[in-house]
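If you count by the numbering used here, then the sequence shown holds residues 339 to 768, one letter each, in order.
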Amino acid sequence: MAKELTAKEYFDLGVTQLKAQQYEQAIVEFNLSITINSNYAEAYYNRGKAYFNLKQYEQAIADFSQAISLQPEKLPLYYYRADAYGKLSQYEQAVADYSTCIALIPRNEYMYNARGNAYVHLKKYEQAIADFDMAIAINPNYFFVYNNRGMIYYAMKQYEKAIANFDKAIAINPKFELAYHNRGKVFYMLKQYQQAIADFDQAIALDSKYAAAYTNRGAAHGQLKHHEQAIADYDQAITLNPKDPVTYFNRGTEYADLNKLDQAISDYNKAISLDPQYADVYYNLGLTHARLNQYKLAIADYTKGIALNPQYARTYNNRGVAHTYLKQYEQAIDEYNKALAIDPKDAITYYNRGQAYCCLKQYEQAIPDFNKAIALNPHLAVAYYMKGFALANLNSNREAITAFQQAIQLTTDQELIRKANELIQRLDTP
């Protein structure tokens with residue numbers, strides 16, 4: 339007669355399967371072990387690890403909690419449960435478990451680092467910095483913590499402190515590609531694009547499959563108008579990670595700058611397919627359709643962008659411009675009004691609204707808009723020109739001539755100069 343296995347024997351079989359990464363079979367063995375001994379803490383703990391590796395975090399938490407009820411002094415149980423909470427974005431619970439770990443072993447730099455990361459997700463940056471400081475005090479060579487602390491300063495826009503932390507991480511571990519990459523991001527924000535590229539180069543040299551480093555190096559090349567190099571970097575990033583909408587968006591922007599508008603639209607559409615909530619893509623897609631004189635499509639794009647980000651004034655302005663090209667002047671003015679309600683200091687929008695009033699021959703309403711545009715941007719030559727145009731239509735010839743002369747002084751646009759001189763000559767003729 340066959341002998342039945344004991345709880346310990348099923349447990350050992352489960353551990354063997356767990357080590358072999360056969361997680362579902364491991365769970366079967368741990369189930370049998372627990373059926374025989376419902377107080378077997380190690381079986382709950384290891385079954386929790388199997389669930390964790392299967393990304394079944396709720397089940398993992400339940401098992402870790404059961405194990406904790408049986409062995410409340412065992413640190414790894416809290417650590418694993420905290421990690422599972424983190425995977426579910428339940429960071430307050432994760433902080434509580436990491437705090438218990440710290441209470442059990444007060445001088446454990448890894449627990450301070452882990453709790454600090456949970457605080458970062460909660461945007462409790464001061465608490466995170468305090469934890470990273472403590473981790474470094476315990477282990478001054480824990481290079482990863484310098485990187486994490488640097489990322490907090492980056493998020494807080496304290497860029498010099500961020501760089502100092504990344505420098506320290508690199509000094510301890512010169513092959514730490516993540517620190518080079520993150521320092522490059524700081525240099526990018528400081529508009530030090532060549533230094534950013536140098537750091538992204540180093541990150542890529544250390545890890546040739548670092549997709550984000552290619553994307554960010556592409557962005558730095560783009561800022562320097564190195565369009566072909568930027569596109570090459572985005573191509574490589576997409577090869578490595580074809581599911582990143584940001585890279586398609588960025589490459590689309592480069593194609594748009596090169597006037598390759600069909601390719602730009604293709605990339606923007608791909609970005610949207612990956613992230614339909616990506617408001618900036620709709621804005622750029624609208625710009626591109628407008629450049630192709632496809633104003634109805636542009637309006638549809640801007641409308642989608644506004645639904646996702648209703649506080650971006652420039653989208654209303656651009657939708658107004660599209661309505662203007664379609665000779666829908668009343669709708670255009672309504673859009674400009676919305677834009678100015680959000681950003682009352684945008685000279686271009688006042689100028690555009692003034693133009694729309696001119697198209698409706700409402701010159702008296704147009705002139706205050708041109709004056710406001712000029713007050714906000716005294717070098718906006720077209721605003722002087724259109725002010726002159728409106729004044730001329732109100733028979734204020736001397737004032738119109740003055741406005742045209744100011745436009746001529748401020749612009750190098752030969753067509754605008756020609757038109758202004760022509761109108762001056764016409765108005766100055768008795």
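Glycine included, C-beta positions come from ideal geometry on N, C-alpha and C.
Straight across, the Cα-Cα distance linking Ala-679 with Leu-698 is about 22 Å. The three-state secondary structure of His-564, taken from DSSP, is coil.
Glu-753 and Ala-738 have their C-alpha atoms some 18 Å from each other. For Arg-445, there is no enclosing alpha helix (DSSP H), as DSSP gives it neither H nor E. Linking Tyr-457 to Ser-407 through their CA atoms gives a straight-line distance of about 26 Å. Spatial neighbours of Ala-568 in its own chain (CB-CB distance under 6 Å, excluding positions within 5 residues in sequence) are listed in chain order as Gly-556, His-559, Gly-560, Glu-592.
The Cβ neighbour count for Arg-736, taken over all protein chains shown within 10 Å, is under 16; the residue is labelled exposed. Cβ-Cβ separation between Ile-399 and Ala-422: approximately 5 Å, consistent with a contact (criterion under 8 Å). In the DSSP assignment, Leu-426 falls outside any alpha helix (DSSP H), carrying neither H nor E.
Taking each of Leu-646, Ala-493, Ile-603, Ile-474 in turn and checking the Cα distance to Lys-462, the smallest one comes out for Ala-493. Assignment of Lys-412 by DSSP, reduced to helix, strand and coil, places it in the coil class. For the 9 Å CB-CB criterion, Tyr-586 and Tyr-606 form a contact. If you draw a 10 Å sphere on the C-beta of Glu-515, you find 16 or more other C-beta atoms in it, and that means buried.
One alpha carbon belongs to Ile-762, the other to Asp-681, and they sit about 34 Å apart. With distances taken between CA atoms, Ser-371 lies nearest to Glu-342 out of Ala-719, Glu-342, Ala-602. At a Cβ-Cβ threshold of 9 Å, Gln-360 and Ala-379 do not count as neighbours. In the three-state DSSP reduction, Ser-376 falls in the coil class, being neither helix nor strand. In this structure, DSSP gives Leu-664 a state outside helix and strand, which the three-state scheme calls coil. DSSP assignment within the segment 623-705 yields the following whole alpha helix (DSSP H) runs of 4 residues or more, N-terminal first: 633-646, 651-663, 667-680, 685-697.
Taking C-beta atoms as the reference points, Phe-481 and Lys-506 count as a pair closer than 9 Å. Sequence-distant partners of Ala-728 (beyond 5 residues in either direction) whose C-beta falls short of 7 Å from its own C-beta, in its chain, are Cys-696, Tyr-701, Ala-704, Ile-705, Phe-708.
The alpha-carbon of Asn-690 is positioned some 48 Å away from that of Gln-465. Residue state for Asn-733 is assigned as coil, using DSSP reduced to three classes.
Excluding sequence positions up to five before and after Ile-510, its CB lies within less than 6 Å of the CB of Asn-479, Phe-481, all in the same chain and listed in chain order.
Rounded to whole angstroms, the separation of the alpha carbons of Tyr-621 and Tyr-416 is 46 Å.
By the neighbour-count criterion, in which 16 or more other beta carbons inside 10 Å mark a residue as buried, Gln-747 falls on the exposed side. In this chain, the alpha helix (DSSP H) harbouring Ser-604 covers 599-612. Comparing C-alpha distances from Asn-675 to each of Val-619, Ile-374, Arg-652, Ala-381 shows the shortest one belongs to Arg-652. Excluding residues up to 5 positions away in sequence, Arg-445, Glu-447 lie with their Cβ nearer than 6 Å to the Cβ of Ile-476 in the same chain. Rounded to the nearest whole angstrom, the C-alpha separation of Leu-623 and Asp-672 is 22 Å.
Counting only residues of its own chain and dropping the five nearest sequence neighbours on each side, Leu-718 has a CB closer than 7 Å to the CB of Ala-685, Tyr-689, Ala-711, Ile-712.
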